[in-house]
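Peer 1:
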Amino acid sequence: MEAAMRIPARKSFFRDWICTVDHKKIGIMYGVTALFFFLVGGLFALGVRTELWTPYGRFVDSQTYNEFYTMHATVMVFLVIIPLLTGAFGNYLVPLQVGARDMAFPRMNALSYWLYLVSGLTLMIGMFFGMPDAGWTSYPPYSIQSQGPGIDIWVMTVHLAGLASILGSINFIVTIIKMRAPGMTFNRMPLFTWSMFVTAFMQLFATPALAGAVTTLLLDRHFGTVFYTAAQGGDPMLYQHLFWFYSHPAVYIMILPGFGIISEVLPVFARKPIFGYHAIAYSSVAIGFLGFFVWAHHMFVAGMAMSAGIPFMISSLIIAVPTSVKIFNWLATIWGGAVEYEVPMMFASLGFIGSFIIGGFSGVIVANVPLDMALHDTYFVVAHIHYVLFGGSVMTIMAGIFFWFPKVTGRMFHKTWGYVGFWFYFVGTQVTFFPMHLLGLAGMPRRYATYAPEFHLWNQVATIGSYILGVGTIILLVNLMVSAKYGRKVENNPWNARTLEWTVSSPPPEHNFDEIPVVTENPYQPYPDLEPETESAPAGA
Amino acid sequence: MPNVASWLPPALTQMAQRVDSLFYIVLGIVAAFFVIVEVLLITFLIRYRRTRKNRTGKGVHGNNLFEIIWTLVPTVILVFMGVISVKYVYAQQTPPPHPVVIKVTGHMWYWEFQYPNGLDTRNVLDVPAGQPVLFDITSADVIHGFYIPAVRVQQDALPGRQTQFWMQADTKDIGQSFPVPCDQFCGVDHSKMHATMTVLSPSDFQQWEASQLQKQKASSGS
Chain P
1 MEAAMRIPAR KSFFRDWICT VDHKKIGIMY GVTALFFFLV GGLFALGVRT ELWTPYGRFV
61 DSQTYNEFYT MHATVMVFLV IIPLLTGAFG NYLVPLQVGA RDMAFPRMNA LSYWLYLVSG
121 LTLMIGMFFG MPDAGWTSYP PYSIQSQGPG IDIWVMTVHL AGLASILGSI NFIVTIIKMR
181 APGMTFNRMP LFTWSMFVTA FMQLFATPAL AGAVTTLLLD RHFGTVFYTA AQGGDPMLYQ
241 HLFWFYSHPA VYIMILPGFG IISEVLPVFA RKPIFGYHAI AYSSVAIGFL GFFVWAHHMF
301 VAGMAMSAGI PFMISSLIIA VPTSVKIFNW LATIWGGAVE YEVPMMFASL GFIGSFIIGG
361 FSGVIVANVP LDMALHDTYF VVAHIHYVLF GGSVMTIMAG IFFWFPKVTG RMFHKTWGYV
421 GFWFYFVGTQ VTFFPMHLLG LAGMPRRYAT YAPEFHLWNQ VATIGSYILG VGTIILLVNL
481 MVSAKYGRKV ENNPWNARTL EWTVSSPPPE HNFDEIPVVT ENPYQPYPDL EPETESAPAG
541 A
Chain F
1 MPNVASWLPP ALTQMAQRVD SLFYIVLGIV AAFFVIVEVL LITFLIRYRR TRKNRTGKGV
61 HGNNLFEIIW TLVPTVILVF MGVISVKYVY AQQTPPPHPV VIKVTGHMWY WEFQYPNGLD
121 TRNVLDVPAG QPVLFDITSA DVIHGFYIPA VRVQQDALPG RQTQFWMQAD TKDIGQSFPV
181 PCDQFCGVDH SKMHATMTVL SPSDFQQWEA SQLQKQKASS GS
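For the record, the sequence lines run as chains P and F.
For the first sequence, the UniProt record's numbering gives the first residue as 1, with consecutive numbering after it.
For the second sequence, the UniProt record's numbering gives the first residue as 1, with consecutive numbering after it.
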C-alpha cells in the first residue's frame, strides 16, 4: 500500500514529457512549441515589412517575398494561434475548470500534440526544399501551377494540423459533456470552458471542408484530376467555397477562446462577478452558429453575382451583434469595479478591447457589399484581419499567458518587464496596423512586393511598428522564460480568482484534484466587502 | 498626384461618389461606436481603479434591460446598414442600356483590352467620358483582380468564367489617367501587373480607337 502511494523522486525527461498523457503537460508542450513557431512566423513578418520599407522591394526578390508572406500567415494561423488557444489553453484549463482529472481521451490528446508537432516540422524542414508561394489561401489555378514542392508541403502541413484539430475537438466535446464535476451544470461552467465548447464544435464541422479543399488541390497537382481546371470542366471558385467554409469559422476558432480568456480575466481584476454571464455564454453559441453562414463574404468579387452577396452581407453584419453584446458586458464588468492594473488586466482591457474593436468595426465596413467592391484585396483587409488576430487573438493570448503563468509554474513573472512588454505591444499594434487602413483606402492592393511611391510613407510607418512588435515579443518571451526558472514563488491563488483551477496547488498535482469538487454555483460570485484601508497595508492582506 | 496617398482617391464616376457617401455613413456610425466604447473603457478603468477606499467591486451579476438594449440597438443599426446598401448593389450590378463593351483578359502579367472595333491593347485602357462602359472580364491563366480604385469597383478575372462591371466616367475628368492594378495574387510579378486608364472625350475615343486599329493592322501586316 505504501509503495503504491510513493511518487518516484525524478522521472526521466523521456518518461516525464515524451510519454506523457497528462493534459497539463500536453498543454505546456503545445504552448512552448507554438511560442517557438510564433517567433518563426514573426521573423517572416519582419521579412515582409523589411521588403516594404522601400517601394522598389530591394530586400528580397518578388518570389521570396511571396514565400515570406505565405509562410507568415500559414505559420501564424495553423501553427500558432489555433494551437495556442485550443491546444495550450484548452488542454491545460478545460479539465481543471470542469473539475476532471484529465481529458476524456488522454492518449488521443497526446496524439493531437504529436501530429501538430509533425505538422509544424513538416513546414519547417520542408522550407529548405521549397516554400509555398500562393498565399495562405492557396487559390487554384495558381497553386496548381506553382512549381517545386512548396505547395505539397503546405498541403501536408494543413492536413496534419487539421487532423490534430479534429481529434482535439472531439476530445473537448466529450470532456465537457461527460466529465464535469458533480453540480457543474452547463450554466455553472466557467466562460473559458464555454468558449472552448463552441470552438470545438466549429473545428469539428469546419475542418473537413478544408481537408477536402487541399486534398483535391493535391490531386489536381499530381494525379491529373481537373477539379479546379476550367478548360476541362472544373471550377476554381469551388475551392474558394470549400476553403472559406473552413476559414471563416476558423477566424472565430481563433478568437472565441480568446473571448473566453477575457471573460475570466476581467472579473478577477475588477473584483466583481462577470456582468451578464448567460449573455456572454450564449453569444458564443450564436457566433458559433452564425459563423457557418458568412463564408461567401470573402468572395463578393470572386465571380458570384453581386446581388448573391446580399444574404452574406446581412449575416455578416448580424454576426457583429453577439460580439458587441460581449463587448458591452465586458465594459459593464469593469464598471463599478475595483480595477487592479496587473499585466494580464492591461492586455485584456486596453490591449484587447481597445484594439480589437477597431478590427470589429472595419469588419462591419468590409461586410458591406458595395464597400467591399472598393476595398477587397487591398491593405484595408490586411489592416482588418491584423486588428482581429493581433489586436484581438494575440492580446488575449498574452493576457491568458500572464494570468495563468503563476498557476502553471508556481512562480510570478517579472511585473515591470511585463508592463514594458505590454506597452511595446499596444503601441506597436497601432503603429503597424493602423496605417494599413489608410493604404487600403488609397487603393494599395495586398500581396505586393513593390508599390507606387505615394504609398511609401505609411508603409515605412508600418515597418517601424513591426520592429516595435518584434522587440516587444522578445521582451515578453524572455520574461516568461527567465521567470519560469527564477521568478518569485507564489501561493496557489495570487490573483484571488474563483474558477476551480485556482483551488489546487500551483503547479497543480498530476491528478488535479485530491477529491473531485462538488460545485454549487457558477464561479463569478461577488467578492466579500472589504473595509476601506486606513493604513498602507498591501491590497488583499 | 499627391505624394502621400492616405485616403480615398478622387472619385471618377457618380457611382463612385455614391459609394463614397455610403462609406462615410457607415464610417460615421462605426466611428461613433468606437468613440463610445473607448471613452467608456478608459473612463471605467480610471474611475473604478483599486484604491484604499475602493477595494471591492459591486456585487452585480447583470441586468436584463441593459442586455436587451445592447442587443437590439446594434441589431437595428446593422440591419439598417445592410438594407441601405442593397440598392447600391443592384445599381452596380445593372449596366445602363447600350454600353461600350470592352473585353478584359488577365494574363501573367499584363491586362489585355479588346475594344468594340477589334482593337487589342496591352495595359492601355482608354474609355470615353459620359458613356456607359461595360467590362467583360476573364482570365487566360490564373485568377487576377481587375480593380479601378478611382471607380471603387473590382471583379476577379477567372479562367472559364466571365465577370462584369460597368462605369461611366465624368466628363470633368477628360484627359486624366488612373491606375488599374491587379489585386488578386497571380504569381511572381503580381505587383507589376498594372494598366493605366485614360478618360477621353467620345470623339477622341472614336478617333483613338480607329487610328490605333490602323497601326495595329499595319504592324501585324508587315
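Yeah, the Cβ is synthetic: ideal placement off N, Cα and C, and Gly gets one too.
All figures in this text were calculated on a predicted structure; none of them were measured in a lab.
Quick check on this structure: which residue in LEU469/P, PHE405/P, VAL388/P, ARG447/P has the alpha carbon closest to the alpha carbon of GLY428/P?
Peer 2: The residue labelled residue 428/P in the question sits at position 428 within the first sequence. Ranking LEU469/P, PHE405/P, VAL388/P, ARG447/P by Cα distance to GLY428/P puts LEU469/P first.
Peer 1: Relative to the C-alpha of LEU210/P, which candidate in ARG271/P, VAL431/P, HIS248/P has its C-alpha closest?
Peer 2: Numbered from its first residue, the first sequence carries residue 210/P at position 210. Answer by Cα proximity: HIS248/P.
Peer 1: Taking CB distances under 8 Å as the criterion, tell me whether GLN147/P reaches chain F.
Peer 2: Against the first sequence, residue 147/P aligns to sequence position 147. Output row for GLN147/P: interface = no.
Peer 1: Closest Cβ-Cβ distance between ASP156/F and chain P: below 8 Å?
Peer 2: Position 156 of the second sequence, counted from the start, is the residue given in the question as residue 156/F. Cβ-Cβ to chain P under 8 Å: yes for ASP156/F.
Peer 1: Bridge partners for MET112/F per DSSP, in chain order?
Peer 2: Reading the second sequence from its first residue, position 112 is the one you call residue 112/F. For the record, residue 112/F in the displayed sequence is Glu; it is not Met. Note: GLU112/F sits in a beta bridge opposite THR105/F, ARG122/F.
Peer 1: Just the Cα atoms here: how many angstroms apart are ASP173/F and TYR142/P?
Peer 2: Sequence index remark: in the second sequence, residue 173/F carries index 173 (1-based). Sequence index remark: in the first sequence, residue 142/P carries index 142 (1-based). The alpha-carbon atoms of ASP173/F and TYR142/P are separated by roughly 37 Å.
Peer 1: Would ALA88/P pass as a contact of ALA34/P if the rule is Cβ separation under 8 Å?
Peer 2: Taking the first residue of the first sequence as 1, we reach residue 88/P at position 88. Taking the first residue of the first sequence as 1, we reach residue 34/P at position 34. The answer is yes: Cβ separation under 8 Å.
Peer 1: For HIS248/P, go through chain F and note every residue whose CB falls closer than 7 Å to its CB, in chain order.
Peer 2: In the first sequence, counting from the first residue as 1, residue 248/P sits at position 248. Within chain F, no residue comes near HIS248/P; the closest Cβ sits about 17 Å away, beyond 7 Å.
Peer 1: Compare the C-beta of residue 555/P with all C-beta atoms of chain F and state if any pair is closer than 8 Å.
Peer 2: The structure shown has nothing for residue 555/P, since chain P only spans 1 to 541.
Peer 1: Kindly indicate the opening and closing residues of the beta strand (DSSP E) around MET167/F.
Peer 2: For this step, residue 167/F is matched to residue 167 along the second sequence. First-last of the beta strand (DSSP E) with MET167/F: 163–167.
Peer 1: Look at the Cβ atom of THR56/F, then the Cβ atom of ARG498/P, and state whether they are nearer than 8 Å.
Peer 2: Within the second sequence, residue 56/F is the residue found at index 56, counting from 1. Within the first sequence, residue 498/P is the residue found at index 498, counting from 1. Contact: no.
Peer 1: Please compile the residues from chain P whose C-beta is within a distance smaller than 8 Å of the C-beta of TYR22/F.
Peer 2: By one-based count along the second sequence, residue 22/F stands at place 22. The identity of residue 22/F in the sequence shown is Leu, whereas the question assumes Tyr. The answer, in chain order, is ASN368, PRO370, LEU371.
Peer 1: Buried or exposed: where does TRP7/F fall if 16 or more other Cβ atoms within 10 Å of its Cβ makes it buried?
Peer 2: Translated into the one-based positions of the second sequence, residue 7/F becomes position 7. With fewer than 16 other Cβ atoms within 10 Å, it is exposed.
Peer 1: What are the residues of the stretch 448–461 of chain P that lie near chain F, defined by any Cβ-Cβ distance shorter than 9 Å?
Peer 2: The residues in question are TYR448, ALA449, THR450, TYR451, ALA452, PRO453, GLU454, PHE455, HIS456, LEU457, TRP458.
Peer 1: Could you check how far apart the C-beta atoms of GLY288/P and VAL388/P are, in whole angstroms? I think they sit under 8 Å.
Peer 2: As a first step, residue 288/P is located in the first sequence; it is residue number 288 there, counting from the start. As a first step, residue 388/P is located in the first sequence; it is residue number 388 there, counting from the start. Contact flag wrong, Cβ pair sits at about 16 Å.
Peer 1: Check the Cβ of THR163/F against every Cβ in chain P and list those closer than 7 Å, keeping chain order.
Peer 2: Within the second sequence, numbered from 1, the residue matching residue 163/F stands at position 163. Within chain P, the residues near THR163/F are GLY303.
Peer 1: Give me the chain P residues within the contact set of TRP111/F, using Cβ-Cβ distance strictly less than 8 Å, ordered along the chain.
Peer 2: Along the second sequence, one-based indexing puts residue 111/F at 111. Per Cβ cutoff of 8 Å: no residues; TRP111/F is ~14 Å from chain P at best.
Peer 1: Please classify GLN131/F: does DSSP put it in a helix, a strand, or coil?
Peer 2: As a working mapping, residue 131/F is identified with position 131 in the second sequence. The answer is coil: DSSP assigns GLN131/F none of H, G, I, E or B.
Peer 1: Quick check: the Cα distance between GLU510/P and VAL408/P, rounded to an integer number of angstroms?
Peer 2: To locate residue 510/P, count along the first sequence from 1; it is residue 510. To locate residue 408/P, count along the first sequence from 1; it is residue 408. Straight-line measurement puts the Cα of VAL408/P at about 12 Å from the Cα of GLU510/P.
Peer 1: Under 8 Å, with one C-beta from each stretch per pair, do the stretch 390–409 of chain P and the stretch 481–495 of chain P reach the 3-pair mark?
Peer 2: yes
Peer 1: Give the residues of chain P in contact with PHE205/F, contact being defined as C-beta atoms less than 7 Å apart.
Peer 2: Walking along the second sequence from the start, residue 205/F turns up at place 205. Listed along chain P is no residue with a C-beta nearer than 7 Å to that of PHE205/F; the closest approach is about 24 Å.
Peer 1: When the Cα of LYS326/P is compared with those of MET373/P, TYR341/P, HIS297/P, PHE275/P, which residue comes out closest?
Peer 2: For the purposes of this step, residue 326/P is identified with residue 326 of the first sequence, where counting begins at 1. Measuring from the Cα of LYS326/P, the nearest candidate turns out to be PHE275/P.
Peer 1: Taking DSSP as the reference, what is the three-state secondary structure of THR51/F?
Peer 2: For the purposes of this step, residue 51/F is identified with residue 51 of the second sequence, where counting begins at 1. In the structure shown, THR51/F sits in coil (DSSP, three-state: anything other than H, G, I, E or B).
Peer 1: Beta-carbon within less than 7 Å of ASN493/P's beta-carbon, same chain only, minus the 5 sequence neighbours each way: which residues are those?
Peer 2: The sequence position of residue 493/P within the first sequence is 493, counting from 1. So the qualifying residues of the chain are TRP502.
Peer 1: Following the continuous beta strand (DSSP E) through GLY145/F, name the residue where it begins and the one where it ends.
Peer 2: Within the second sequence, numbered from 1, the residue matching residue 145/F stands at position 145. Taken as a continuous stretch (DSSP letters only), the beta strand (DSSP E) holding GLY145/F covers 144–148.
Peer 1: Just to make sure I have the definition right: I need the residues of chain F whose C-beta is within less than 7 Å of the C-beta of GLU491/P. Which are they?
Peer 2: For this step, residue 491/P is matched to residue 491 along the first sequence. Correct list: empty, because the minimum Cβ distance to chain F is about 19 Å.
Peer 1: For the beta strand (DSSP E) holding ALA157/F, just list the boundary residues, first then last.
Peer 2: For this step, residue 157/F is matched to residue 157 along the second sequence. Residues 153–157.
Peer 1: Compile a chain-ordered list of the residues in the stretch 340–358 of chain P whose CB is closer than 8 Å to at least one CB of chain F.
Peer 2: GLU340, TYR341, SER349, LEU350, ILE353, GLY354, ILE357, ILE358
Peer 1: Should the stretch 361–377 of chain P be called in touch with the stretch 80–92 of chain F, which here means at least 3 C-beta pairs below 8 Å?
Peer 2: yes
Peer 1: Run through DSSP, which three-state label would PHE38/P get?
Peer 2: As a first step, residue 38/P must be located in the first sequence, where it is residue number 38. Of the three classes helix, strand and coil, the one that applies to PHE38/P here is helix, per DSSP.
Peer 1: In three-state terms, what does DSSP make of THR225/P?
Peer 2: Residue numbering aside, residue 225/P sits at position 225 when the first sequence is read from its first letter. In this structure, THR225/P counts as coil in the three-state DSSP scheme.
Peer 1: Output yes or no for whether 8 Å exceeds the beta carbon distance between ASP156/F and MET108/F.
Peer 2: Taking the first residue of the second sequence as position 1, residue 156/F is located at position 156. Taking the first residue of the second sequence as position 1, residue 108/F is located at position 108. No, these two residues do not count as a Cβ contact at 8 Å.
Peer 1: Where do the N-terminal and C-terminal ends of the beta strand (DSSP E) with SER177/F fall, by residue?
Peer 2: Start at 1 with the first residue of the second sequence, and residue 177/F comes out as number 177. Residues 177–181.
Peer 1: Do SER112/P and GLY168/P have their C-beta atoms closer together than 8 Å?
Peer 2: Mapped onto the first sequence, residue 112/P falls at position 112. Mapped onto the first sequence, residue 168/P falls at position 168. In contact: SER112/P and GLY168/P (Cβ atoms closer than 8 Å).
Peer 1: Below 6 Å CB to CB, which residues in the same chain sit around GLY41/P once its five sequence neighbours on both sides are set aside?
Peer 2: Reading the first sequence from its first residue, position 41 is the one you call residue 41/P. The answer, listed in chain order, is HIS72, VAL75, MET76, VAL80.
Peer 1: Classify SER201/F as helix, strand or coil using the three-state DSSP reduction.
Peer 2: Residue numbering aside, residue 201/F sits at position 201 when the second sequence is read from its first letter. Here SER201/F carries a coil assignment [DSSP, helix/strand/coil].
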